[in-house]
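Peer 1: Quick one: the structure is below, questions incoming.
In this note's numbering, the protein residues as written are 621 to 991.
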């Protein structure tokens, strides 16, 4: 019986795990996903680490050792996270080599509290990149106005970047330009553009959640027909722009120098609305030179009943029509996507703060057990 997860790669799409946890790195879970399901990378974020560290005892032994060394909360978090990221990078090292650096990446996010601080983001990203000390690590940087120049600088400095929190065409165009500008700077200064990789993480399901909420308040009979369709249309048109930018004249010189395209990565791929098929955002966004990140529950669903085919460029006229109809209904997609980015930064910052709180609580509990 064919495995839809494995089949994705035949259509030019890499499947990355949208999760990280110490136990899964050590008990063979991730290795099985690589061997049996064709997993080709991993991503993490503050919310994922909050669940992993705060919601399990996987990290207690290392935490006790760090507490004994007198480390503070921030240092404990970073040590735990770096250990996980390094272990994950090592699991993917062979794939990274065999794919000539196309895949095998593991992502670690800069502090979300730096989302509006360009210099702070650059400094922390470079520090983390050096600390992980693996060629297949990607540092996650948000596509905020302050993040865009940071991305350009980091690429110019040879740091692999996973750009996150993109929701609109405007976000995407700014990110793609920053990547190309960074590569050009690297090339101009004699750097090797072949060794730098980046993905542009474009969020999917959150767009439908926000737009559907507005559509549900309208009496226009067209409104219900658009529910659950805007996110896919939005993503498909961004992919068309990707093709124009990276397969046109603008990227030609960089491509000739050996530079990689900045692949689009579909993030937020689990459906939030129980009325929608649970594999909707994976089924409908399959195509070449893309990555899809999938959380654990959706991995199981897609393995069981996912539908694989070239779907990313399907119904493009319909996609244009859907987005053109929104302003006629009084819905401003740009306003919605700007708000989604702002909310995303706040949500990750909140998760990061909760994570710090969970570590502090564990410190207290573990210190009591050693007294």
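The beta-carbon is built from N, C-alpha and C at its ideal position, and this holds for glycine as well.
If you drop the 5 nearest sequence neighbours on each side, which residues of the same chain put their C-beta closer than 7 Å to that of residue 754?
Peer 2: Closer than 7 Å at Cβ, skipping near neighbours: 706 and 709.
Peer 1: What runs of the beta strand (DSSP E), each 3 residues or longer, lie entirely inside the region 815-858?
Peer 2: Taking only runs of at least 3 residues, the beta strand (DSSP E) segments lying wholly in the region 815-858 are 818-823.
Peer 1: Residues in the same chain with beta-carbon distance under 8 Å from residue 713, minus the five sequence neighbours each way, listed in chain order, please.
Peer 2: Closer than 8 Å at Cβ, skipping near neighbours: 724, 754 and 756.
Peer 1: Between residue 918 and residue 903, is the Cβ-Cβ spacing less than 8 Å?
Peer 2: It is not a contact, given that the beta carbons lie outside the stated cut-off.
Peer 1: Let me know if residue 633 comes out buried or exposed under the rule of 16 or more other beta-carbons within 10 Å of its beta-carbon.
Peer 2: Classification for residue 633: buried.
Peer 1: Taking DSSP as the reference, what is the three-state secondary structure of residue 769?
Peer 2: Residue 769: helix per DSSP, three-state reduction.
Peer 1: Going straight from the alpha carbon of residue 779 to that of residue 721, what length do you get?
Peer 2: If you take the alpha carbons of residue 779 and residue 721, they lie about 13 Å apart.
Peer 1: Among the residues of its own chain, which have a CB less than 7 Å from the CB of residue 668, if the five just before and after it don't count?
Peer 2: Cβ neighbours of residue 668 beyond the five flanking positions: 639 and 640.
Peer 1: Tell me, to the nearest whole angstrom, how far the beta carbon of residue 742 is from that of residue 766; I am working on the premise that it is less than 8 Å.
Peer 2: No, residue 742 and residue 766 are not in contact; Cβ-Cβ is about 10 Å, not under 8 Å.
Peer 1: Provide the residue span of the beta strand (DSSP E) that contains residue 914, from first to last.
Peer 2: Note, residue 914: beta strand (DSSP E), 910-914.
Peer 1: Rounded to whole angstroms, what's the CA-CA distance from residue 751 to residue 702? Just pull it up for me.
Peer 2: Rounded to whole angstroms, residue 751 to residue 702 spans 8 Å at the Cα level.
Peer 1: I'd like the ranges of any alpha helix (DSSP H) spanning at least 4 consecutive residues and lying wholly in the region 634-673.
Peer 2: Fully enclosed alpha helix (DSSP H) runs of 4 or longer: 642-646 and 649-657.
Peer 1: Considering just the uninterrupted stretch of the beta strand (DSSP E) at residue 782, what are its terminal residues?
Peer 2: Residues 781-786.
Peer 1: Rounded C-beta distance between residue 821 and residue 887? I'm assuming under 8 Å.
Peer 2: Indeed, because the Cβ distance is near 4 Å, the residues count as touching under 8 Å.
Peer 1: How long is the line joining the alpha carbons of residue 908 and residue 872, rounded to whole angstroms?
Peer 2: Cα to Cα, residue 908 sits roughly 18 Å from residue 872.
Peer 1: For residue 832, does the count of other Cβ atoms within 10 angstroms reach 16, so buried, or fall short, so exposed?
Peer 2: Answer is buried; the Cβ neighbour count reaches 16.
Peer 1: Between the Cα of residue 959 and those of 785, 734 and 645, spot the shortest distance and give me the residue it belongs to.
Peer 2: When only C-alpha atoms are compared, the closest one is 785.
Peer 1: Quick check: the region 936-943 against the region 839-856, are at least 3 beta-carbon pairs closer than 8 Å?
Peer 2: These segments touch.
Peer 1: Roughly how many angstroms lie between the CA atoms of residue 700 and residue 748, to the nearest whole one?
Peer 2: Each residue's alpha carbon lies about 13 Å from the other.
Peer 1: Rank 962, 885 and 982 by C-alpha distance to the C-alpha of residue 727 and give the top, closest one.
Peer 2: When each option's Cα is compared against that of residue 727, the closest is 885.
Peer 1: Can you tell me whether residue 894 is helix, strand or coil according to DSSP?
Peer 2: The answer is coil: DSSP assigns residue 894 none of H, G, I, E or B.
Peer 1: Suppose contacts are defined by Cβ-Cβ distances below 8 Å. Is residue 975 in contact with residue 675 by that definition?
Peer 2: Not closer than 8 Å, so no.
Peer 1: What are the start and end residues of the alpha helix (DSSP H) that includes residue 701?
Peer 2: Run containing residue 701: 693-711, per the alpha helix (DSSP H) assignment.
Peer 1: In angstroms with no decimal places, state the Cα-to-Cα distance between residue 790 and residue 858.
Peer 2: For residue 790 and residue 858, the distance between alpha carbons rounds to 9 Å.
Peer 1: Identify, in the order they occur along the chain, each residue of the same chain with its Cβ nearer than 6 Å to the Cβ of residue 866, setting aside the five sequence neighbours on each side.
Peer 2: Once the five neighbours on either side are set aside, the close Cβ partners of residue 866 are 881.
Peer 1: How do the region 976-984 and the region 804-814 stand: do at least 3 beta-carbon pairs fall below 8 Å, yes or no?
Peer 2: No: fewer than three Cβ pairs fall under 8 Å.
Peer 1: Taking 7 Å as the limit between beta carbons, can you name the residues of its chain near residue 732, skipping five residues before and five after?
Peer 2: Here the set comprises 666, 965, 968, 969 and 972.
Peer 1: Would you call residue 716 buried or exposed, if buried means 16 or more other Cβ atoms sit within 10 Å of its Cβ?
Peer 2: Looking at its Cβ environment, which holds 16 or more other Cβ atoms inside 10 Å, residue 716 is buried.
Peer 1: Roughly how many angstroms lie between the CA atoms of residue 685 and residue 950, to the nearest whole one?
Peer 2: Computed Cα separation, rounded: 57 Å.
Peer 1: Thinking C-alpha only, which one of 760, 806 and 952 is nearest residue 819?
Peer 2: For residue 819, the nearest C-alpha among the options comes from 760.
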